[in-house]
Each structure stands twice: as structure tokens, then as C-alpha cells.
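Asker: Take a look at this one; I'll ask things after.
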Amino acid sequence: MRCSSMNLFFPYILALSSLAVASDASTSQDQPGYATFIQSTSHGNLTFSLSAVNSTGDTYIHLSGPTTYQWISVGTGSKMAGSVMLIVYRNESANGITLSTRLASGESQPDYSSQIDCKLLSGTVDKDAQSSTMKERSSSSSSSSSDFFSTNIHCTNLQSLGQHDGTLSFTNQQQNFIYALGPSASSSNSLSSNSPSANLRQHSSTGKFWVDMVNATSVSSTSTNGSQVGVPSGAALLTAQNTGTCGGSDAMSAVHAAFMLLAFVIVFPLGAVLLRWTKNGVRAHWIVQSAGLVLTIVGGGLGIALSEQNDDQSSYSSAHQILGLIVFGLVFVQWALGMWHHLHYKRYQRPTVFAKIHRVVGPVILIIGFVNGFLGNNLSGNDDHNKWLGAVVGVVALLIIGLLGWKELKRRKMEKRGEAFNMRPTIRRSDEADDFEDAKE
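Structure, rendered in C-alpha cells:
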């Protein structure tokens, strides 16, 4: 997918104003040009700020982000193939930073390239890596507890590298970029290396954005008021400027998660309980589970759309995607099994093998769905949400087991009471009809 967040009219507005913008950038610029992109995460903000010099080809970059990820990176272009990438991770002693410059050829680990002439001007890893003003715009819930990578970088030849739209152009008013956040870092799962070619584990989150390079570029290294072009700092890092996001994948990911959470944690379990606890249990069960099917279709469709938007996920090779497709298909099979048994029982008044399969597949689907929720959080880089998901799933599981177990105990007690009076056991439904049929329908 090509990175583009502008509406249809904006490119024409840019085209009409490009001469004026270029003129202002080249002859009457009072301050060095820059562009800043900020991506919020649950651990703090990823910040990328850039300032370029047209006459020399120099590019000055600030890149910072939370160390709760093993590594952070930004690359040119809308996809990995042809991208020039800057990757930051802890050094061997874990108290400093290693800058790795890499060229990507496809959806695989990019290779270190000494051709990329970039120097680390400064780099720190600690809670003070961001100034107090920068902490103000970090995620308030995590800025006090998360360390940050913070780097200032000078590159001289980014324009001469890269392929396709991964080639950096100072005259591009919608230059594509990508970012990636590494997997979660922990004491047992961390990355500390002085080697710029260190092996990287697959990222947990990715995204795309664009930069207006015209407004981020100065004609010469010294502006008209004497200011020297360098790494953006201070107020330049506080808010997004001359940049935009692409595709709305974060919002789509949140909606996808919401639909699936609603289906598997609330609707499907509710349908199982209503079957045993309401007078017209079969009807209630069918209505609620059909609603769950609709939620799954919408949520699954959003998940597929997300995978197609992200080039690195379009192969559907992650555990979350594989299990997601499996459970997506099983939901349809489960609904069809229940409907087929219901129609067969109404017509012939005898059990079917579909009922037995249906009773087994239902819990299996819920378990896979619960597990896949945790995998989804890991894939999206929101693994810290797993503790809350675990709490919700635990409560729901206890409620289901408790309510269904209580109902089963009541049923058995009624059976024993009937046997004690030498009567036919009072059972509302036969074993096979118990889960599917209302005798009065």
C-alpha cells in the first residue's frame, strides 16, 4: 500500500503553492527547516525529527523512543524493499547506544551497510534521555517508569541510496517513511551489542508516515538570520510538524481488537449461558451466537485488511494471523453445525452426530480465541495489555464454569429426586436436545 494520508485535493493545493513554498525555503527562511513525526505507544512516544541542507546534502536526525522495545527504527520509503534504515539499540554494556545503518531488500532482516554515511552525534539510554519538555509530551502513564533511547544523527549521503520510493528526495512534499518497534525487551529477552550488524528479532509493531521535505530543507547550512542548521531540538520535538500518518492502521487495529474482544469474551460466552438459563434457551442461543458470528466477520475482515496494509504481515505467517484464520473458519463451521442439528432435530426428533461435534468445537473456539487475543497484543506491540486481558478472560471463564456447573448440579439433583420417588427423571431436554432444542418450538 502506498503511504498517503492527504485527501484528494491536498496534492493540488501543494502543487499550486510549491513555488511559493520553495521560494520561501530558499531565499527568506528565518529559521532552519525541519519536520517532526510523533507516534504514541503505551510506553511513551517514538519521535523522529529531521532537518536537511540542500546545498550539501546533509541530513540531521533526532530519533528517540522507549527502551521497553529491544530496538527502534525509521526507514525511507513506504515498504522495506529499497529502504534506507536507521536502527537504534543498546550497546554491549547496556548504558549507551549502537546505531545500525542498514539497507533492506525485502520482507526480511535488513543488512548492515557501511555505505550509509551516518554518525551518531550523541546517544543516551536513561530516564533523562528526553528533556523535561519532551517528557511532557510522552505518554503520561509510562514516561516516569520507562527509559528512552535518544539519539542525534548526522548523515551525508541518504539521497544517493535507497530504491524506488525509498530514495530520499529533498523536493518531495510527501516523502514516504516507515517505522518499526522491536519486540518487548526484558532481562531474559534483550538486545545489547556494539555490532551494527547484530541479529534483530522481528518487530512487534510497524507503521507508515510521510514528511514534507520541502519545508524540512534549508538551502544552506546557515539560515538568513545566522542560525546554524543542525539536529532539531527543544520546541521542534514537542509537536508533529510537516508530517502525517498513513492508512489509519492504529485506529483499525483498535477497532479490530474491540470487535473480536466483544465477540469472544462477551457474546459467545453469553450465548452458552443463555442456552441453559433461559426458558427459550435455544432461540436466545441462536440469536446471540449469530450476533457473535457477525462481530467475528467484521473483526476478521478488519484483521485481513490490516494484514494487507502492512507489507511485512501480508504473508500471514505470524501465529496470531494463522490462529485467527483458523478460528475464523471454525466459527462458520460451528454456526452451521448448530443450525443443521436444530433443523434435523425439529424434523426427525432424534439426536445427530453434529450435536456432539458442536459441543466439543464450541469450547475449543473460545480457548483458541482467548489465546489469540494475547498473541494479537504481542503482534501489535501492546503486550502490556495482556495482564488486563488475562484478568477479563479469567473472570469470564470463572463465570461460565460457575453458571454452567451450577445448572448441571441442579439438573442432577432433580434427577435423583425423581428416582427417589420412583418417577421418571424430570429433565427439561434430552441429552442431545439439551444444547439445541426447545421442545415447545
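When the letters of the sequence shown are read in order and numbered with mature numbering (1 follows the signal peptide of the UniProt record, and there is no 0), they come out as residues -25 to -1, 1 to 416. Every residue, glycine too, gets a C-beta built ideally from N, C-alpha and C.
Suppose the cutoff is 6 Å on Cβ atoms and the five residues either side in sequence are ignored; what does the same chain contact list for N361 look like?
Answerer: For the purposes of this step, residue 361 is identified with residue 386 of the sequence shown, where counting begins at 1. Cβ within range, chain order: F349 and N352.
Asker: Can you check which of these residues, S58, Y64, P158 and L249, is closest to P171 by C-alpha distance?
Answerer: In the sequence shown, counting from the first residue as 1, residue 171 sits at position 196. With distances taken between Cα atoms, P171 lies closest to Y64.
Asker: Tell me, please, which residues DSSP counts as bridged to F184.
Answerer: Counting from one through the sequence shown, the residue named residue 184 turns up at place 209. Answer is F152 and T220, bridged to F184.
Asker: Does DSSP put K254 in a helix, a strand or coil?
Answerer: The count along the sequence shown starts at 1 and reaches residue 254 at position 279. Coil at K254, not helix or strand.
Asker: On the criterion of 16 or more Cβ atoms from any shown chain inside 10 Å, does K54 qualify as buried, or is it exposed?
Answerer: The residue labelled residue 54 in the question sits at position 79 within the sequence shown. Label assigned to K54: buried.
Asker: Kindly say whether K54, judged by its beta-carbon, lies nearer than 8 Å to any beta-carbon of chain C.
Answerer: Considering every chain present, this structure includes no chain C. It has just one protein chain.
Asker: Report the option in G267, F329 and N347 whose CA atom is closest to the CA atom of I301.
Answerer: As a working note, residue 301 is residue 326 in the sequence shown. Looking at the Cα atoms, N347 is the closest of the given residues.
Asker: So, are the CB atoms of K382 and R251 less than 8 Å apart?
Answerer: Taking the sequence shown and counting its residues from 1, one reaches residue 382 at position 407. Taking the sequence shown and counting its residues from 1, one reaches residue 251 at position 276. A Cβ-Cβ contact shorter than 8 Å links K382 with R251.
Asker: Considering G98, what are the terminal residues of the beta strand (DSSP E) in which it resides?
Answerer: Position 123 of the sequence shown, counting from 1, holds the residue named residue 98. Element bounds for G98: C93 to D101.
Asker: Per DSSP, what kind of secondary structure is L298 in: helix, strand or coil?
Answerer: Looking up residue 298 in the sequence shown gives position 323. It is helical.
Asker: If we count Cβ pairs, one from each stretch, closer than 8 Å, do we get three or more for the segment 159 to 169 versus the segment 68 to 82?
Answerer: yes
Asker: For L374, is the classification buried or exposed, using 16 other Cβ atoms within 10 angstroms of its Cβ as the cut-off for buried?
Answerer: As a first step, residue 374 must be located in the sequence shown, where it is residue number 399. Answer is exposed; the Cβ neighbour count stays below 16.
Asker: Helix, strand or coil for T271 per DSSP?
Answerer: On the sequence shown, position 296 is the one that residue 271 refers to. T271: helix per DSSP, three-state reduction.
Asker: Under 8 Å: do the segment 7 to 16 and the segment 203 to 215 share three or more Cβ pairs, one atom per stretch?
Answerer: yes
Asker: Grouping DSSP H, G and I as helix and E and B as strand, with all else coil, what is P244?
Answerer: To locate residue 244, count along the sequence shown from 1; it is residue 269. DSSP places P244 in helix when its eight states are reduced to three.
Asker: With a Cβ-Cβ cutoff of 8 Å, do T22 and H37 count as a contact?
Answerer: Taking the sequence shown and counting its residues from 1, one reaches residue 22 at position 47. Taking the sequence shown and counting its residues from 1, one reaches residue 37 at position 62. Yes, the Cβ-Cβ distance between T22 and H37 is below 8 Å.
Asker: To the nearest angstrom, how far is it from the Cα of K331 to the Cα of A233?
Answerer: Here residue 331 is taken as the residue at index 356 of the sequence shown, counted from 1. Here residue 233 is taken as the residue at index 258 of the sequence shown, counted from 1. CA-to-CA, the gap between K331 and A233 works out to about 31 Å.
Asker: Looking only at its own chain, which residues have a Cβ that is under 7 Å from the Cβ of S289, when we skip the five neighbours before and after it?
Answerer: By 1-based counting over the sequence shown, the position of residue 289 is 314. The answer, listed in chain order, is S282 and E283.
Asker: Pull up the CB-CB distance for S179 and Y320, whole angstroms please, since I reckon it's below 8 Å.
Answerer: The sequence position of residue 179 within the sequence shown is 204, counting from 1. The sequence position of residue 320 within the sequence shown is 345, counting from 1. With 8 Å as the limit, S179 and Y320 do not qualify as a contact, their Cβ atoms being about 47 Å apart.
Asker: Decide if the segment 180 to 197 is in contact with the segment 133 to 150; the criterion is three or more beta carbon pairs, one per stretch, under 8 Å apart.
Answerer: By the C-beta criterion, the segment 180 to 197 is judged to be in contact with the segment 133 to 150, since at least 3 inter-stretch pairs fall below 8 Å.
Asker: Cutting at 6 Å between CB atoms, please list the residues of its own chain near V248, excluding the five before and the five after it.
Answerer: As a working mapping, residue 248 is identified with position 273 in the sequence shown. Cβ neighbours of V248 beyond the five flanking positions: L378.
Asker: Excluding the five sequence neighbours on either side, which residues of its own chain have a C-beta within less than 7 Å of the C-beta of Q309, listed in chain order?
Answerer: Within the sequence shown, numbered from 1, the residue matching residue 309 stands at position 334. These residues qualify, in order along the chain: H333, V336, G337 and I340.
Asker: Which two residues bound the contiguous beta strand (DSSP E) that contains F23?
Answerer: Position 48 of the sequence shown, counted from the start, is the residue given in the question as residue 23. Run containing F23: G19 to V28, per the beta strand (DSSP E) assignment.
Asker: Alpha carbon to alpha carbon, what distance is there between S88 and A56?
Answerer: In the sequence shown, the residue the question calls residue 56 occupies position 81. In the sequence shown, the residue the question calls residue 88 occupies position 113. In a straight line, the C-alpha of A56 is about 15 Å away from that of S88.
Asker: In chain order, what residues of the same chain have a beta carbon less than 6 Å from the beta carbon of A294, not counting five sequence neighbours either side?
Answerer: Numbered from 1 along the sequence shown, position 319 holds the residue referred to as residue 294. Around A294: L350.
Asker: Work out the CA separation of M60 and L143 for me, nearest whole Å.
Answerer: Residue numbering aside, residue 143 sits at position 168 when the sequence shown is read from its first letter. Residue numbering aside, residue 60 sits at position 85 when the sequence shown is read from its first letter. If you draw a straight line from the Cα of L143 to the Cα of M60, it comes to about 11 Å.
Asker: Can you list, in chain order, the residues of its chain whose CB lies under 7 Å from that of S1, leaving out five sequence neighbours each side?
Answerer: Here residue 1 refers to the residue found at position 26 when the sequence shown is read from its first residue. Residue placement at S1 cannot be trusted, given a pLDDT of 41 that sits under 50; what the coordinates show is reported in the next sentence. Closer than 7 Å at the Cβ level, and outside the excluded window around S1, lie V194.
Asker: Relative to the C-alpha of A372, which residue among I241, T11, L213 and N66 is closest?
Answerer: By 1-based counting over the sequence shown, the position of residue 372 is 397. Nearest C-alpha to A372: I241.
Asker: For R334, report the span of its beta strand (DSSP E) as first-last.
Answerer: Here residue 334 refers to the residue found at position 359 when the sequence shown is read from its first residue. Looking at the DSSP string, R334 is not in any beta strand (DSSP E); the run it does join, the alpha helix (DSSP H), is V328 to L354.
Asker: Express the C-alpha separation of F123 and G32 in angstroms, rounding to a whole number.
Answerer: Stepping through the sequence shown from its first residue, residue 32 is reached at position 57. Stepping through the sequence shown from its first residue, residue 123 is reached at position 148. The straight-line gap from Cα to Cα measures roughly 29 Å.
Asker: For V59, name the three-state secondary structure that DSSP assigns.
Answerer: Here the question's residue 59 lines up with position 84 in the sequence shown. Strand.
Asker: Kindly indicate which three-state DSSP category G81 falls into: helix, strand or coil?
Answerer: Position 106 of the sequence shown, counted from the start, is the residue given in the question as residue 81. Coil at G81, not helix or strand.
Asker: For G50, which beta-bridge partners are listed by DSSP?
Answerer: As a first step, residue 50 is located in the sequence shown; it is residue number 75 there, counting from the start. Beta-bridge analysis with DSSP links G50 to M60 and I153.
Asker: Where does N(-19) fall in DSSP's three states?
Answerer: Here residue -19 is taken as the residue at index 7 of the sequence shown, counted from 1. The predicted position of N(-19) is uncertain, since its pLDDT is 39 and thus under 50; no value can be drawn from it.
Asker: What are the residues that DSSP puts in a beta bridge with D33?
Answerer: As a working mapping, residue 33 is identified with position 58 in the sequence shown. Beta-bridge pairing links D33 to no other residue.
Asker: In chain order, what residues of the same chain have a beta carbon less than 7 Å from the beta carbon of A266, not counting five sequence neighbours either side?
Answerer: The sequence position of residue 266 within the sequence shown is 291, counting from 1. So the qualifying residues of the chain are V242.
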